[in-house]
Each structure stands twice: as C-alpha cells, then as structure tokens.
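Counting in our numbering, the final residue of the sequence shown is number 526, and the numbers go up one at a time with none missing. Okay, so here's the structure we're looking at.
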Amino acid sequence: MALENENAVIRRCQRGEIDAFETIYHYYEEQLMAVAFRLLSNREEAEEALHDAMFKAYRKIGQFRHQASFSSWLHRIVINICYDRLRKMKRRGAQKPLEELGEIGREDNMELRRRLHEAIAGLPPKMKTCFVLFVQQGYKQQEIADMLDIKLGTVKLHVYEARTRLRETLADQM
C-alpha cells in the first residue's frame, strides 16, 4: 500500500467505512501478529492480542493525528496490549508454552533455540520489545524509538543490554 493510498484509506476509516479498515487489517495483520507472537510466545494469546489491538485501533482511529507513522501507531497499540497480557499472565502465574520457533534444522540446534527462546522471554518487557523489533523483526532503531515513544539512545541501550544478557545466559548454560 503506497503512502498516499494509506492516507486515503485512513481517512475513509475515520469516516467509519468498515471495508477501509478491513484493508488496513489485512495489510498489517502478518507483521503485527509476528510482533505479538514474539512478545507473548504463545500463538493463541498472540491472536487474541492482535484481535484486541485491531478492535481498539478501529475504535480509536479517529484520534490518529499523523504525528507518527500509522504503522508505528498500530505497533504501539499491539505492544501495549501484549504488555497488559504479560502482566495478567504473570499475576496468574501462567506458563508460556514453547511453540514453533520457525525452521528448526538439526536436533542439536533445537536445544539451543529453546534456550534462546526462554532467555528472550526472561528479558524485562521494554528490553525484550526493543530486541525483538530490532533483531527478529528487522526494524531500524529510530523506527523502534518512534513506535515506543522513547529516545534512540534508550533503544540502543536496550538492544545492547539484551544481547549482553543473552550471551551471558547462554554461556552459563553451555
């Protein structure tokens, strides 16, 4: 979707056209689902978080003011809902099951991937979010700063700290 086309679709959404929002939903669904899954480590929770986020975006789209990119605005909603779900899961003491990690090659890599997945899940929420968005989702650090409404230096620090902690955690386990 080209930028000018996206802006036109957003304006249609703001006028209450449901089919325009469906266009946005289908365009962003895959990348937002990937972010939710990386943060929640559970496909069902991620799907529910995505649906909650898109419903909230639909209700609040009239408040979108183009101060950040629309993509950043949507990501921020998804991330906040994932944080809420993580807090609820923590209060309930819910364990997040290990789900598919993408393409797992050899058996010896499976254990390393499992450990890495668990180590990432153990990072503090903001650090984990910055790391996931930068390393696993491929966003630029400035985009992450805009998405999360934090300073670029904070994003860089979170990514650096996450890498350091993951190296230490994985080195201790080997």
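Virtual Cβ for every residue (Gly too), placed ideally from N, Cα, C.
State the Cα-Cα distance for the pair T481 and R367, rounded to the nearest angstrom. Using only the alpha carbons, I get a separation of about 33 Å.
Identify which residue in L426, D436 and Q419 has its Cα closest to the Cα of M385. Put simply, of L426, D436 and Q419 the residue whose alpha carbon is nearest the alpha carbon of M385 is L426.
- request: Give the range of the alpha helix (DSSP H) segment to which Q383 is assigned.
  value: Where Q383 is concerned, the enclosing alpha helix (DSSP H) stretches over I370 to L392.
Helix, strand or coil for K448, going by three-state DSSP, please let me know. In this prediction, K448 has a pLDDT of 41, which is less than 50 and means its spatial position is unreliable; what the coordinates show is noted afterwards. Coil.
query: How about L392 and V430: are their beta carbons less than 8 Å apart?
result: Cβ distance not < 8 Å, so L392 and V430 don't count as in contact.
Using three-state DSSP, classify K412 as helix, strand or coil. Helix, per DSSP.
### Query
Would you call the stretch 401–420 and the stretch 514–524 in contact, with 3 or more CB pairs under 8 Å?
Touching, no, given that fewer than three Cβ pairs across the two stretches are closer than 8 Å.
| message | Assuming contact is defined by CB atoms lying nearer than 8 Å, are A514 and L468 in contact in what I supplied? | response | Cβ distance not < 8 Å, so A514 and L468 don't count as in contact.
*Within its chain, find whatever has a CB closer than 7 Å to the CB of P477; leave out the 5 residues flanking it on each side and keep chain order.*
Closer than 7 Å at the Cβ level, and outside the excluded window around P477, lie Y435 and L438.
Starting from D524, trace the alpha helix (DSSP H) both ways and give me its first and last residue. First-last of the alpha helix (DSSP H) with D524: L504 to D524.
Check your understanding: L407: buried (16+ other C-beta within 10 angstroms of its C-beta) or exposed?
Key -> In the sequence as displayed, the identity of residue 407 is Phe instead of Leu. Under a 10 Å Cβ-count criterion, F407 is classified as exposed, with fewer than 16 other Cβ atoms of the shown protein chains found around its own Cβ.
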